[in-house]
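A.B. asks:
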Amino acid sequence: MEQEQNVKVQGWAGVQVLRDIVYDAKQKRLKYPPIPQLKALRKVRLLTKTLVLSSDTVSTVLNPSEAETIHLEIIAKFTFPANLFDNSKGYTKENAPEVGLRIRTNSDGSEYTNVALMMPAAEVDANICDACTYAIGRNASFKVYPINSNKNPVLNCSKECAKERTCMSWALHEIETKGMVQCSLYWDHSSKVSIPNKIVSSGVVNEPLLHLERNKSGTIGYNFPLHGRAPLASSTEFELRIFVDGSVIEVFKDDGLQTISGRVYIPDGVAHSGVGLYTRNTGDVPVSANIQVFSMGSIWN
20 MEQEQNVKVQ
30 GWAGVQVLRD
40 IVYDAKQKRL
50 KYPPIPQLKA
60 LRKVRLLTKT
70 LVLSSDTVST
80 VLNPSEAETI
90 HLEIIAKFTF
100 PANLFDNSKG
110 YTKENAPEVG
120 LRIRTNSDGS
130 EYTNVALMMP
140 AAEVDANICD
150 ACTYAIGRNA
160 SFKVYPINSN
170 KNPVLNCSKE
180 CAKERTCMSW
190 ALHEIETKGM
200 VQCSLYWDHS
210 SKVSIPNKIV
220 SSGVVNEPLL
230 HLERNKSGTI
240 GYNFPLHGRA
250 PLASSTEFEL
260 RIFVDGSVIE
270 VFKDDGLQTI
280 SGRVYIPDGV
290 AHSGVGLYTR
300 NTGDVPVSAN
310 IQVFSMGSIW
320 N
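Numbering (the numbering used here), first residue to last: 20 to 320.
1. Around the C-beta of Ala95, are 16 or more other C-beta atoms found within 10 angstroms, so that it is buried, or is it exposed?
2. Excluding the 5 residues preceding and the 5 following Asn25 in the sequence, name in chain order all residues of the same chain whose CB lies nearer than 7 Å to its CB.
3. Kindly provide the ranges of any alpha helix (DSSP H) runs that are 4 or more residues long and lie completely inside the region 175-208, ordered along the chain.
4. Which word fits Ile318, buried or exposed, when buried means at least 16 other C-beta atoms lie within 10 angstroms of its C-beta?
5. Could you have a look at Pro139 and say whether DSSP puts it in helix, strand or coil?
6. With distances taken Cα to Cα, identify the nearest neighbour of Ser345 among Phe99, Leu296, Ser292 and Ile310.
7. Does the Cβ of Asn300 have 16 or more other Cβ atoms within 10 Å, making it buried, or fewer, making it exposed?
8. State the beta-bridge partners of Gln277 as determined by DSSP.
9. Assuming Ser84 is part of the alpha helix (DSSP H), what are its boundary residues?
10. Assign Lys178 to buried or exposed, taking buried as 16 or more other Cβ atoms, counted over all protein chains shown, within 10 Å of its Cβ.
11. Leaving out five residues on either side along the sequence, give the residues of the same chain with a beta carbon under 6 Å from the beta carbon of Ser203.
12. When the Cα atoms are used, what is the spatial distance from Leu57 to Ser236?
13. Is Val312 closer than 7 Å to Leu81 when the C-beta atoms are compared?
14. In three-state terms, what does DSSP make of Gly222?
15. Measuring alpha carbon to alpha carbon, tell me which residue in Asn234, Lys112, Gly281 and Ser78 is nearest Asp144.
16. Verify whether the separation of the beta carbon atoms of Val306 and Val134 is less than 7 Å.
17. Among the candidates Phe257, Val200 and Ile89, whose CA atom is the shortest distance from the CA of Asn169?
18. Using 10 angstroms around the beta-carbon of Asp273, count the other beta-carbons present and answer buried if the total reaches 16, otherwise exposed.
19. List the whole-angstrom C-beta distance separating Phe104 from Pro116, where the pair is believed to meet the contact cut-off of C-beta under 8 Å.
20. Between the C-alpha atoms of Leu228 and Ser188, what's the straight-line distance to the nearest angstrom?
21. Could you tell me which whole beta strand (DSSP E) segments of length 3 or greater appear in the region 100-167?
22. Given this structure, state the Cα-to-Cα distance separating Leu276 from Glu195, to the nearest angstrom.
23. From His208 to Gly247, what distance separates their C-alpha atoms?
24. Going by C-alpha to C-alpha distance, which of Glu226, Phe243 and Ile166 sits closest to Asp149?
25. I'd like the span of the beta strand (DSSP E) that includes Lys68, first residue to last.
26. Does the Cβ-Cβ distance between Val77 and Phe262 come in under 7 Å?
27. Just the C-alpha distance for Lys50 and Leu259, rounded to the nearest angstrom, thanks.
28. Is DSSP giving Val289 helix, strand or coil here?
29. From this set, Arg61, Ser314, Gly222 and Gly295, which residue's C-alpha is nearest Ser73's C-alpha?
Here it is, written out as structure tokens:
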């Protein structure tokens with residue numbers, strides 16, 4: 020939860036957009052796209068553009084002076100070779116690929132919020148954001164159980180984490196019971212966890228993450244990243260549809276197969292309304308993007 024005083028004192032408030040519930044026969048799972056009636060709130064098409072992205076470069080497509088509003092709908096489709104997000108490769112923080120958008124940027128690009136698809140680093144601690152502020156107790160384990168230390172506990176614990184869709188990292192800890200270790204499953208991997216017992220082994224689920232990064236946003240209060248596992252529906256493309264208002268950012272990947280929502284509390288509003296596209300650690304791999312941006316009206320008008 021976000022800090023309550025920010026909502027009350029600063030006067031920010033908001034609710035999530037309404038969503039449909041649709042069964043995706045190809046993916047064999049439910050998805051939660053925004054209701055189609057939201058298109059009626061579109062006011063002006065601010066941008067339609069297709070471009071090729073260079074690795075470790077930000078391509079600004081809309082400046083705050085051009086947007087003139089913080090109420091935006093952004094639709095971006097990214098296309099790339101099938102080997103860009105490689106689940107068989109163990110990544111480091113320095114080579115993990117990342118493709119996405121930079122939104123709520125200020126005029127000189129020094130403050131921004133990133134929304135992206137990225138691969139995690141194989142070492143759990145490498146995913147920690149040392150510059151971020153976290154809520155106390157945020158990364159408590161959601162499942163804990165003992166494993167016989169002679170029955171391949173690393174494989175057992177890692178498989179259990181992969182099976183649980185909300186699990187992003189796992190750890191094995193020493194316990195007092197002879198011949199046993201404890202498997203702990205976590206729904207996050209980017210905040211430090213205080214563990215009383217020695218860690219024997221740990222790891223992450225090696226699949227793409229839908230990632231909302233806020234530590235450079237200029238927000239008041241907590242700025243820890245928000246993310247969840249988001250496997251590719253297609254090995255060569257994905258789409259992000261993003262709704263932005265005064266404080267809420269809502270992200271729908273591939274028509275709602277995965278979603279993520281968060282807040283940024285930025286006092287100067289329209290001065291942080293720029294949009295850009297970027298990649299990290301993609302090397303010479305060609306990544307193309309098609310982006311549309313609409314200004315949005317209010318349901319109260």
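The beta carbon of each residue, even a glycine, is placed where N, CA and C say it ideally should be.
C.D. replies: This is what the structure holds:
1. buried
2. For Asn25, the predicted model reports a pLDDT of 46, less than 50, meaning its position is unreliable; a value from the coordinates is still stated below. Closer than 7 Å at the Cβ level, and outside the excluded window around Asn25, lie Trp31, Ile239, Gly240 and Tyr284.
3. none
4. exposed
5. coil
6. No answer is possible for residue 345: the residues shown for the chain start at 20 and end at 320.
7. buried
8. Lys272
9. Pro83 to Ala86
10. exposed
11. Ser160, Val163 and Ala190
12. 26 Å
13. yes
14. strand
15. Lys112
16. no
17. Val200
18. buried
19. 6 Å
20. 12 Å
21. 117-124, 132-137 and 160-167
22. 42 Å
23. 10 Å
24. Phe243
25. Arg61 to Leu72
26. no
27. 14 Å
28. helix
29. Gly295
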